[in-house]
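Asker: Those protein sequences? They're chains Z and D, same order as listed.
Note that the working numbering gives residue 321 to position 321 of the first sequence, counting from 1, and the numbers run on in steps of one.
To convert, count from 1 in the second sequence and add 1000; that's the working numbering.
Just passing along the structure, written as C-alpha cells.
2 protein chains.
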Amino acid sequence: AITGKEAARVSILITGGTGIIGSCVAVELAKEGHRPLLYDRRLDRTFLGDVQDQVEVIQGDVLDLDQLVRIIRAQQVRTIIHLAAVIIPEAQADPYKGFQVNAGGTVTVLEAARIEGCRRVIYTSSRSVYGPVAGEHGHPTYRPLPEEHPKAPRSVYGVTKLAGELMAREFSQRYGLQVICLRFPALYGPGRLARHGEVALHSRLIEGAMAGVEVVVPRGAEQRDDLLYVRDAARAVALAAGAEGITSFDFNVGSETMVTLRELVAILEGLYPKARLRVGPGLDPVGLGYIQYCRYDCARARKELGYRPQYSLDAGVRDYVETMARLGLQPLAELSAGGGAAGPALGAGGS
Amino acid sequence: AITGKEAARVSILITGGTGIIGSCVAVELAKEGHRPLLYDRRLDRTFLGDVQDQVEVIQGDVLDLDQLVRIIRAQQVRTIIHLAAVIIPEAQADPYKGFQVNAGGTVTVLEAARIEGCRRVIYTSSRSVYGPVAGEHGHPTYRPLPEEHPKAPRSVYGVTKLAGELMAREFSQRYGLQVICLRFPALYGPGRLARHGEVALHSRLIEGAMAGVEVVVPRGAEQRDDLLYVRDAARAVALAAGAEGITSFDFNVGSETMVTLRELVAILEGLYPKARLRVGPGLDPVGLGYIQYCRYDCARARKELGYRPQYSLDAGVRDYVETMARLGLQPLAELSAGGGAAGPALGAGGS
Chain Z
1 AITGKEAARV SILITGGTGI IGSCVAVELA KEGHRPLLYD RRLDRTFLGD VQDQVEVIQG
61 DVLDLDQLVR IIRAQQVRTI IHLAAVIIPE AQADPYKGFQ VNAGGTVTVL EAARIEGCRR
121 VIYTSSRSVY GPVAGEHGHP TYRPLPEEHP KAPRSVYGVT KLAGELMARE FSQRYGLQVI
181 CLRFPALYGP GRLARHGEVA LHSRLIEGAM AGVEVVVPRG AEQRDDLLYV RDAARAVALA
241 AGAEGITSFD FNVGSETMVT LRELVAILEG LYPKARLRVG PGLDPVGLGY IQYCRYDCAR
301 ARKELGYRPQ YSLDAGVRDY VETMARLGLQ PLAELSAGGG AAGPALGAGG S
Chain D
1001 AITGKEAARV SILITGGTGI IGSCVAVELA KEGHRPLLYD RRLDRTFLGD VQDQVEVIQG
1061 DVLDLDQLVR IIRAQQVRTI IHLAAVIIPE AQADPYKGFQ VNAGGTVTVL EAARIEGCRR
1121 VIYTSSRSVY GPVAGEHGHP TYRPLPEEHP KAPRSVYGVT KLAGELMARE FSQRYGLQVI
1181 CLRFPALYGP GRLARHGEVA LHSRLIEGAM AGVEVVVPRG AEQRDDLLYV RDAARAVALA
1241 AGAEGITSFD FNVGSETMVT LRELVAILEG LYPKARLRVG PGLDPVGLGY IQYCRYDCAR
1301 ARKELGYRPQ YSLDAGVRDY VETMARLGLQ PLAELSAGGG AAGPALGAGG S
C-alpha cells in the first residue's frame, strides 16, 4: 500500500466514488492516509460516514474525457479506481445507455489515463462476464472457478463489463498503463437496497428483519452462493491500488466460501427474533434465466494482492447493521417487502 | 431475396455504404431491384460504378442516433446493413476512437433499429473475434473452424467487433429485431489498397503487378489462408438481407478453400509477364504477433443463407482487374511498392 509521504504527493481518483463500493474504498484509503478524489454524478455523501473530511467530491460524467483529463492533470492523479457503472437492472432495461456508460465509460477512463500517463487503473468487473456456470463448477460440486474460465456473458450487463475488460487489457498491453481487473461475485452491503432497489436480495432480507416487515422470497433457501461483503470488496480494491509486483491482469475476488439464504435468515432471526422472513425451499432464488451461482477460486488474489476475505456472513451482517446505525440510516421497510418501484428482479449478482 | 413490388416499398439502409464492401453490396441489391440508401461519412461514389443512379447517398455519422432514427423513419427502412467501421490499423492506432466507432456505432445502429421497429440488421464481423487459432484448426491440419469456436480476441479491432457482436445478440434476443452476424476472413478487392493502405497485402501484389512495380513481401509465400473476394462477401450480405427462416445468429462466410501467396503470384505472373513480385518463403506473411490463418467451416451459411462462394482466386483476380478498368481506376504503384504513408502492417485479416 502507498502510505506516508508518497501518499501526500500522489492522488487517487475513484470514479463512482460516492457509490456503495466507492464509499467503502474511500474509507479504506483514508485509513492509509490518502485523500482520494471521488468523481461521481452524485454529490450525495451519505455513505462516506466519518471520512467526509478526508475526501474531495467532484461532480462529473465518466464519459467526459476532457474533464477527466483536466482533473487527472490538475490533481496529479497516478492511480484511477474505476467503479462508475450503470447497475444491472438499468443496463438490462436500457442496453444503449448501459453500453455507453459501462463499456464506453471504461474506455474513456482508460484513454484519459493513457493521455496523462497514469500508473495504474483498477477496473471492477463482475461474475456476469462468465455467463452460465455449469458442470463441475456448478451445483452440487461447485469446484472453485478460476479466472481462465471462458467468458460467455448472457446479459447486457455482462456484455458491457466484458467489453470493458477486453479493452482494459488492450490498453494495458499497448501502453505503459497497468490495469488490474477485479471480478466480484454477488455483493451485499449497506446502501445497496437504497441505491440498487429490489435486486439487492440479501439487503432486502437484512433490512426487512431490521424493520420488522415481512419479506417473501418464493424459492431458493438451499441455494449456495459466493456472497461477498462490500468491505471485503473494498479492501481488495485498496490492495490492488497499492500492490507491487503484480503480473496478472484479472482476479476473482470472492468470499472463499458459499452460503445459503437459509443461513442468512437464521443469523437474522438470531439478531431480530421478531423478523418475518419467508424464503421458500429449493434452488435459484434470483431467477436470472440462467445459472451463475458458483464459488470463486481466489488463489491468484491471495498470492498477488495479499487478499484475504475478513467477513464471515455473521460478521458481515453485524457490520451492516452497525454501519446503518453509525450513518444514521433507517432500514427501508417498503423496498425490503418488495414494494419498490423496480421491475422483476434481475439478479443480486454482479458488482 | 426481396424483389419486385415489395422491394419498391421497403428501403434498405447500408452504413458504410460507399466503402469497399458497401459499394459491392449496393451493386448486388441494385441487381435485385432495390434502391439502397448508403449512409457514410464519405460521399465519394468511386466504387459504385454503374449503379450510381440506383442508390441514394446520405452523409452521416454512425454515432448520430437522432439522424439515424430520422432517416429510418422518413425512408421506411426495414433492413439495415451495418458495415461502417474504423479499419484495423486505425483501431490499433487509436483504441478510443476504434471502440467508439466500431462498438459504439454498432450499438447506436441497433438502438435506432429498435426504436423504429426495424425487421433486420446485418452486422459484418471479422475473424479477429476468434483471436489466435491453434491446434487442429491451425497449421498444418487446418480443420475448418466452426462458429462455436471460442471468442478470445487479441487486438483492439477484434475486441471492438466482438463487443458489437455480443450487443447485437442481446438486442436480437430482447427485442423483435432479427440480427444476423457475418464473420469474414481475410478479404481482397478493388479499392482496398486505396482505402485501407499497405495492410491490403493481396491488393499490393495485384496492383503492383498491374503497375509493373517491384513488390517485396519478406516472407510467407507458403502460408495457406482463407481469402475471400469482396463480391462473395457482398453476395453473402445480400443473401442475409433477404433470407427467410433463419434460426442462427452468427455465420462464418469464407471461400471454402485456402490459397497461398505463391499461388497468387503465379496467377499474376501469368497475367502480367513483367510483374516483379518478390515473396519470401515460409509462413506468416502478415506478422500480427499471433496466428489467425485458418479455414472457415461455412456449412451453416450454406444451409441457412444459401451461400456459395463464386470466385476462385483466379476468377477473383480477373474480376479485380476488370473492375479497376471499368471504374477507370489506375493501380496504385507507390502503395503497392510499400511506399505509402501507413505504418507497420497490421494484418490483411478482418473485414
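Don't be surprised by glycine CBs; every beta carbon is placed ideally from N, CA and C.
1) Using C-beta distances below 6 Å, list every residue in its chain close to M324(Z), excluding the 5 sequence neighbours before and after it, in chain order.
2) List the whole-angstrom C-beta distance separating Y1123(D) from G1164(D), where the pair is believed to meet the contact cut-off of C-beta under 8 Å.
3) Closest to V181(Z) by CA distance: which of R127(Z), D53(Z), P273(Z), E56(Z) is it?
4) Quick check on H82(Z): does DSSP put it in helix, strand or coil?
5) Flag this pair as touching only if the segment 191 to 200 of chain Z and the segment 77 to 92 of chain Z have three or more C-beta atom pairs under 8 Å; answer yes or no.
6) Taking 9 Å as the threshold (beta carbon to beta carbon), is L1271(D) in contact with chain Z?
7) If the cut-off is 9 Å on Cβ atoms, which residues from the segment 132 to 158 of chain Z count as contacting chain D, listed in chain order?
8) So is P140(Z) buried or exposed if we call it buried at 16+ other beta carbons inside 10 Å?
9) Note down, in chain order, all residues in the segment 1289 to 1318 of chain D with a beta-carbon under 9 Å from any beta-carbon belonging to chain Z.
10) Does the distance from the C-beta atom of L1227(D) to that of A1186(D) stay below 9 Å?
11) Would G17(Z) pass as an interface residue toward chain D - the criterion being a Cβ-Cβ separation below 9 Å?
12) Beta carbons nearer than 7 Å to chain Z: which residues of the segment 1063 to 1094 of chain D have them?
13) Check whether the segment 55 to 70 of chain Z touches the segment 14 to 34 of chain Z, taking contact to mean three or more Cβ pairs, one atom from each stretch, closer than 8 Å.
14) Counting C-beta neighbours from all protein chains within 10 Å, is the total for E1207(D) 16 or more, i.e. buried, or is it exposed?
15) When you compare the segment 1221 to 1239 of chain D with the segment 1105 to 1114 of chain D, are there three or more beta-carbon pairs, one atom per stretch, that lie closer than 8 Å?
16) Using 9 Å as the limit for Cβ to Cβ distance, is G254(Z) near chain D?
17) Beta carbons nearer than 8 Å to chain A: which residues of the segment 174 to 207 of chain Z have them?
18) Within a Cβ cutoff of 6 Å, which residues of the same chain sit near G1212(D), ignoring the five residues on either side of it in sequence?
19) Buried or exposed for G17(Z), please, with buried defined as at least 16 other CB atoms from any protein chain shown within 10 angstroms of its CB.
20) For A1103(D), which residues in chain Z fall below 9 Å Cβ to Cβ?
21) Closer than 9 Å, CB to CB, is Y123(Z) near chain D or not?
22) In angstroms with no decimal places, state the Cα-to-Cα distance between I1020(D) and R1192(D).
23) Buried or exposed for Q76(Z), please, with buried defined as at least 16 other CB atoms from any protein chain shown within 10 angstroms of its CB.
24) Roughly how many angstroms separate the alpha carbons of G339(Z) and I1012(D), rounded to a whole number?
25) So, under 8 Å CB-CB, V133(Z) and Y296(Z) are touching, yes? Tell me the CB distance rounded to an integer number of Å.
26) Determine, using beta carbons only, whether E170(Z) comes closer than 9 Å to chain D.
27) For chain Z, find out if any of its Cβ atoms is closer than 9 Å to the Cβ of L1268(D); answer yes or no.
28) So with CB distances below 7 Å, who are the chain D contacts of Y96(Z)?
29) Which value, in whole angstroms, describes the spacing of the CA atoms of P1344(D) and L1166(D)?
30) CB-CB under 8 Å to G263(Z), same chain, minus the five flanking residues each way: which ones, in chain order?
31) Determine whether the Cβ of A345(Z) lies closer than 9 Å to any Cβ atom of chain D.
32) Check whether the Cβ of L1063(D) lies closer than 8 Å to any heavy atom of the ligand MG, and answer yes or no.
33) Return the residue from the list D50(Z), E28(Z), G49(Z), H82(Z) that minimises the CA-CA distance to Y39(Z).
34) Return the Cβ separation of E1170(D) and V156(Z) in integer angstroms, given the expectation that the two are a contact with Cβ distance under 8 Å.
35) Within 10 angstroms of its Cβ, does S351(Z) collect 16 or more other Cβ (buried), or is it exposed?
Answerer: This is what the structure holds:
1) Indexing the first sequence from 1 puts residue 324(Z) at position 324. Within the same chain, M324(Z) has close Cβ partners P190.
2) Reading the second sequence from its first residue, position 123 is the one you call residue 1123(D). Reading the second sequence from its first residue, position 164 is the one you call residue 1164(D). Yes, they are in contact, since the Cβ atoms of Y1123(D) and G1164(D) sit about 6 Å apart, within 8 Å.
3) As a first step, residue 181(Z) is located in the first sequence; it is residue number 181 there, counting from the start. Position check: residue 181(Z) holds Cys in this sequence, whereas Val was assumed. Per the Cα distances, R127(Z).
4) Position 82 of the first sequence, counted from the start, is the residue given in the question as residue 82(Z). In the structure shown, H82(Z) sits in a strand (DSSP, three-state: E or B).
5) They touch, by the three-pair rule.
6) Here residue 1271(D) corresponds to residue number 271 of the second sequence, with the count starting at 1. No, because no Cβ of chain Z sits closer than 9 Å to the Cβ of L1271(D).
7) Within the segment 132 to 158 of chain Z, the residues whose Cβ lies closer than 9 Å to some Cβ of chain D are P150, K151, A152, P153, R154, S155, V156, G158, listed in chain order.
8) Within the first sequence, numbered from 1, the residue matching residue 140(Z) stands at position 140. By the neighbour-count definition (other C-beta atoms within 10 Å, threshold 16), P140(Z) is an exposed residue.
9) So nothing in the stretch comes that close.
10) Taking the first residue of the second sequence as position 1, residue 1227(D) is located at position 227. Taking the first residue of the second sequence as position 1, residue 1186(D) is located at position 186. A Cβ-Cβ contact shorter than 9 Å links L1227(D) with A1186(D).
11) Within the first sequence, the letter at position 17 stands for residue 17(Z). Closer than 9 Å: no.
12) Correct list: empty, as no residue qualifies.
13) With a cut-off of 8 Å, the segment 14 to 34 of chain Z and the segment 55 to 70 of chain Z count as touching, because enough Cβ pairs lie within range.
14) Numbered from 1 along the second sequence, position 207 holds the residue referred to as residue 1207(D). Under this definition E1207(D) is a buried residue.
15) Judged by Cβ distances under 8 Å, the segment 1221 to 1239 of chain D makes no contact with the segment 1105 to 1114 of chain D, as fewer than three pairs qualify.
16) Taking the first sequence and counting its residues from 1, the one referred to as residue 254(Z) is at position 254. Chain D contact via Cβ: absent.
17) As a matter of chain content, chain A is missing from the structure shown, whose protein chains are Z and D.
18) Translated into positions along the second sequence, residue 1212(D) becomes position 212. Excluding residues within five positions, the ones whose Cβ falls inside 6 Å are K1274.
19) In the first sequence, the residue the question calls residue 17(Z) occupies position 17. Buried is the label assigned to G17(Z), since at least 16 other Cβ atoms lie within 10 Å of its Cβ.
20) The residue given as residue 1103(D) occupies position 103 in the second sequence. Chain Z residues near A1103(D): F99, A103, G104, V107, A163, M167.
21) As a working note, residue 123(Z) is residue 123 in the first sequence. No, no contact with chain D.
22) Sequence index remark: in the second sequence, residue 1020(D) carries index 20 (1-based). Sequence index remark: in the second sequence, residue 1192(D) carries index 192 (1-based). Distance between the alpha carbons of I1020(D) and R1192(D): 6 Å.
23) Stepping through the first sequence from its first residue, residue 76(Z) is reached at position 76. An exposed status is given to Q76(Z), since fewer than 16 other beta-carbon atoms sit within 10 Å of its beta-carbon.
24) For the purposes of this step, residue 339(Z) is taken as residue 339 along the first sequence, with counting starting at 1. For the purposes of this step, residue 1012(D) is taken as residue 12 along the second sequence, with counting starting at 1. Each residue's Cα considered, the two are about 46 Å apart.
25) Here residue 133(Z) corresponds to residue number 133 of the first sequence, with the count starting at 1. Here residue 296(Z) corresponds to residue number 296 of the first sequence, with the count starting at 1. Rounded, the Cβ-Cβ distance is 11 Å, inconsistent with contact.
26) As a first step, residue 170(Z) must be located in the first sequence, where it is residue number 170. E170(Z) counts as touching chain D.
27) Counted from its first residue, the second sequence places residue 1268(D) at position 268. Chain Z has no Cβ within less than 9 Å of the Cβ of L1268(D).
28) Reading the first sequence from its first residue, position 96 is the one you call residue 96(Z). One finds V1107, E1111 in chain D with Cβ atoms closer than 7 Å to the Cβ of Y96(Z), taken in chain order.
29) Along the second sequence, one-based indexing puts residue 1344(D) at 344. Along the second sequence, one-based indexing puts residue 1166(D) at 166. Note that P1344(D) has pLDDT 39, beneath the 50 cutoff, so the model's placement of it is unreliable and the number below is only indicative. When rounded, the distance between both Cα atoms is 30 Å.
30) Counting from one through the first sequence, the residue named residue 263(Z) turns up at place 263. It is worth fixing the name first, because residue 263(Z) is Glu in this sequence and not Gly. Hits under 8 Å: L313.
31) Against the first sequence, residue 345(Z) aligns to sequence position 345. Low confidence applies here, because A345(Z) scores a pLDDT of 39, under 50, leaving its location unreliable; read the following figure in that light. By this cut-off, A345(Z) is not an interface position.
32) By its list of ligands, the structure shown contains no ligand whatsoever, and the ligand MG lies outside what it can speak to.
33) Here the question's residue 39(Z) lines up with position 39 in the first sequence. Of the residues D50(Z), E28(Z), G49(Z), H82(Z), the one whose Cα lies closest to the Cα of Y39(Z) is H82(Z).
34) Here residue 1170(D) corresponds to residue number 170 of the second sequence, with the count starting at 1. Here residue 156(Z) corresponds to residue number 156 of the first sequence, with the count starting at 1. Indeed they touch by this definition, with Cβ atoms about 5 Å apart.
35) Sequence index remark: in the first sequence, residue 351(Z) carries index 351 (1-based). Residue placement at S351(Z) is poorly supported in this model, since its pLDDT is 38, which falls under 50; the coordinates are not used for a value here.
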